[in-house]
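Numbering (the working numbering), first residue to last: 1 to 391. Backbone N, C-alpha and C define an ideal beta-carbon position, used for all residues, glycine too. All remarks here apply to the structure that follows.
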Ligand code: PLP
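Dropping the structure here:
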């Protein structure tokens, strides 16, 4: 395959060698805990890394290797490593790279679980964590003061705020900080943070990469050296992905480009339609010209993603009334699936936070996060129209 092949060609063909033993187009799942060797010397050469191969599946497995190589290629990275969940990927990355006395900078609008790592967990290990307003100026100022690791999300969950990834990566480089970007919302189809200057990209593969709501996973990609450090931590804490989950993700990745193109187009159409609805007081979607950072989004993204959020003038009471009336949206805590999913941050992205913390994080009570599936967009709009009718 040419190095210049497009993302869908890579998704379909990369790491998909015809199986030599069976001629199967889809490689068999390497379903095992350990790998057997004919003698101790061969076994030891593999164990010591002198020969390629696998020893024990907590450390590595041919099926997870394929997934890691595929996501790395989609993000333009030389290396990757995979995890049981997105949070396993994020927490393992942060704990692998940070030490007591280091200073980490992040933003208030990061995914609720990531936010809690910075506010509750990392400080217990002597890491100085600064959680800034989700604005370029605030992040840049905190980084300039002192920073060892900058952790960003763009677009953010759930209010789809946009940060200037090139500008902030550059600011971090000035002070020698490592930049980690959660690219879950954008996916590698819409945005490649490494090309904008980030050092590592993390994904909750549970979301768009998996896309079918039947698997949990996380992936970290970046340079050989940084991924090796994360991998060394992962193999000891045991947060590596199982081969069966990796196989489901490999299957899902083949349709990633198709799904994201459809979800981008439908989300833009729905966001535009919602903007003119009288029951809706605000619509948040980076693809709308009314989004305060639309110009930054347009410069760093190829599409604006499948997630939007909108506010009802009637607050949480309105959310309670409208959501059960949606026929085609599941009320659930996931996003990025082929099915449309809707919910308030109080039960989805920010369920772990108290009411007060949600207010401080700037999350309005009347907000609905709406993750657009691959259904026909006219049906989704008709469904929203019927549900919003009595709001
Ligand atoms: N990052 C983002 C942006 C998310 O939305 C989520 C989950 O909702 C996560 C990370 C955590 O991923 P997981 O649920 O796979 O642990």
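ask   = Beta carbon of residue 156, beta carbon of residue 134: below 8 Å?
value = Taking 8 Å as the Cβ cut-off, residue 156 and residue 134 qualify as a contacting pair.
ask   = So, helix, strand or coil for residue 139, using DSSP?
value = In this structure, residue 139 counts as helix in the three-state DSSP scheme.
key: Residues bridged to residue 284 [DSSP beta-bridge criterion]   = Its beta-bridge partners are 309.
query = If you draw a straight line from the C-alpha of residue 192 to the C-alpha of residue 71, how long is it?
reply = Roughly 11 Å between the two C-alpha positions.
query = Under 7 Å from any heavy atom of the ligand PLP, does the C-beta of residue 218 make it?
reply = Yes, Cβ of residue 218 sits closer than 7 Å to a heavy atom of the ligand PLP.
task = Using beta-carbon positions only, say whether residue 380 and residue 309 come within less than 8 Å of one another.
result = When the beta-carbon positions are compared, residue 380 and residue 309 stay at least 8 Å from each other.
Best match in 263, 102 and 159 for proximity to residue 359 [C-alpha to C-alpha] = Of 263, 102 and 159, the residue nearest in Cα terms is 159.
query = Going by the C-beta, is residue 86 closer than 7 Å to any heavy atom of the ligand PLP?
reply = Correct: residue 86 has its Cβ closer than 7 Å to the ligand PLP.
message = Any heavy atom of the ligand PLP inside 7 Å of the beta-carbon of residue 379?
response = Distances between the C-beta of residue 379 and the heavy atoms of the ligand PLP are all 7 Å or more.
ask   = How big is the Cα-Cα spacing for residue 376 and residue 385?
value = Taking the straight line from one Cα to the other gives about 15 Å.
message = Report the CB separation of residue 337 from residue 222 in whole angstroms; it is logged as a contact under 8 Å.
response = In this structure residue 337 is not in contact with residue 222, their Cβ atoms being roughly 27 Å apart against a cut-off of 8 Å.
message = So, under 8 Å CB-CB, residue 256 and residue 341 are touching, yes? Tell me the CB distance rounded to an integer number of Å.
response = Contact between residue 256 and residue 341 is absent: CB atoms are separated by about 18 Å, not below the 8 Å threshold.
ask   = Is residue 118 helix, strand or coil by DSSP?
value = If DSSP states are grouped into helix, strand and coil, residue 118 belongs with the helices.
task = Please name the residue, chosen from 33, 6, 29 and 104, that lies closest to residue 238 on a Cα-to-Cα basis.
result = Minimum Cα distance to residue 238 is reached at 33.
task = May I ask which residues mark the beginning and end of the beta strand (DSSP E) holding residue 376?
result = First-last for residue 376: undefined, no H or E at that position.
Under the three-state DSSP convention, the category residue 151 falls into = Of the three classes helix, strand and coil, the one that applies to residue 151 here is strand, per DSSP.
request  = Measure the C-alpha to C-alpha separation of residue 176 and residue 166 and round it to an integer number of angstroms.
outcome  = The straight-line gap from Cα to Cα measures roughly 15 Å.
request  = Please confirm whether any heavy atom of the ligand PLP lies closer than 7 Å to the CB of residue 153.
outcome  = For residue 153, the Cβ falls inside the 7 Å cut-off from some heavy atom of the ligand PLP.
task = For the alpha helix (DSSP H) holding residue 71, just list the boundary residues, first then last.
result = Unbroken alpha helix (DSSP H) run through residue 71: 62–75.
key: Where residue 367 falls: helix, strand or coil (DSSP)   = Looking at residue 367 - three-state DSSP - the assignment turns out to be strand.
Separation of residue 263 from residue 382, as counted between CA atoms = The alpha-carbon atoms of residue 382 and residue 263 are separated by roughly 17 Å.
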